[in-house]
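First up is the structure itself, then whatever we jot down about it.
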Amino acid sequence: MSDKLKSALKWGVIGGVASAILGLMFYILNVDSDSALKYVSFAVMIGVIIAGCYEYRDTILGGFGSFKQLLGYAMLLVLVYGLLSSICAICYMEFIDTGLVNEILLKTELDMEASGADDEIIKQTLVITKKMMLPHFFFLTSLLSTLVIGLIISIPTSAMLRKEKPEELIIEEKLAE
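Under the working numbering, the first residue of the sequence shown carries the number -2, and numbering increases by one thereafter.
Pasting the structure below:
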């Protein structure tokens, strides 16, 4: 296994586990789903991506890393993070907070009624929402949304942390070959 993959697995697992523990703590503490505390999970993802990219650049790449190298690494890390957090989210829905789907459906219905939506539209929306909450579909949408958010975070992170190798070092390496 390459050092890049080991590092991405390490930071992805750290982030995924931290995200799962955070979600469990929010459930135990009965934190409202609309609470600003939910944004802490974004901070976890940002922190893990930054820490992982630093490690990859400074330890594995010898202190230098291009935007492309760092972005590729960050997305590998986010893939591991997303897989783990999506699996944990399904376990949470299926075994811990089994009434979550019903709460989401009820909230959706109440919000639509309050906005004056037609009964037929509400009924259709609830059918679609219920299908989206099935474990396999929820896993895919959760993973996809994590990858998109991870990409949005990884682009500026990779741009800020890139450190191009000086030309003198590139020339020295080529001469040494």
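The beta carbon of each residue, even a glycine, is placed where N, CA and C say it ideally should be.
Asked                                                                                                                                           : Found
Looking at the strands, I want to know which residues DSSP matches up with Gly62.                                                               : Lys160
For Gly69 and Ile84, I'd like the C-alpha separation in whole angstroms.                                                                        : 23 Å
Flag this pair as yes or no: are the beta carbons of Tyr53 and Ala5 separated by less than 9 Å?                                                 : yes
At a cut-off of 8 Å, is Asn27 close to the ligand MG when judged by its beta-carbon and the heavy atoms of the ligand?                          : Annotation note on the ligand MG: not contained in the displayed structure, which lists no ligands.
Alpha carbon to alpha carbon, how far is Glu117 from Leu74? Give it in angstroms, no decimals.                                                  : 43 Å
Buried or exposed: which applies to Val145, given that a residue is buried once 16 or more other Cβ atoms fall within 10 Å of its Cβ?           : exposed
Would you check if the region 134 to 152 and the region 31 to 47 touch, i.e. whether three or more CB-CB distances between them fall below 8 Å? : yes
Could you check the C-alpha separation between Ser32 and Ser38 for me, to the nearest Å?                                                        : 12 Å
Could you tell me the distance, in whole angstroms, from the CA atom of Asp115 to the CA atom of Leu107?                                        : 12 Å
Assign Leu67 to one of two classes, buried (16 or more other C-beta atoms within 10 Å of its C-beta) or exposed (fewer than that).              : buried
Where Ser63 and Glu161 are concerned, what is the direct C-alpha to C-alpha distance, given to the nearest angstrom?                            : 6 Å
What does the Cβ neighbour count give for Ile46, buried or exposed, with the cut at 16 atoms within 10 Å?                                       : buried
Could you check if Gly113 is buried or exposed, using at least 16 other CB atoms within 10 Å of its CB as the buried criterion?                 : exposed
Could you round the C-beta distance between Thr105 and Thr126 to whole angstroms and report it? I think they count as a contact, below 8 Å.     : 6 Å
How close, in whole Å, do the beta carbons of Gly12 and Tyr78 come, if the pair is a contact with beta carbons under 8 Å?                       : 4 Å
Look up Ile99 in the DSSP assignment and say whether it is helix, strand or coil.                                                               : Looking at the sequence itself, residue 99 is Asn, so the reference to Ile does not match. In the structure shown, Asn99 sits in a helix (DSSP, three-state: H, G or I).
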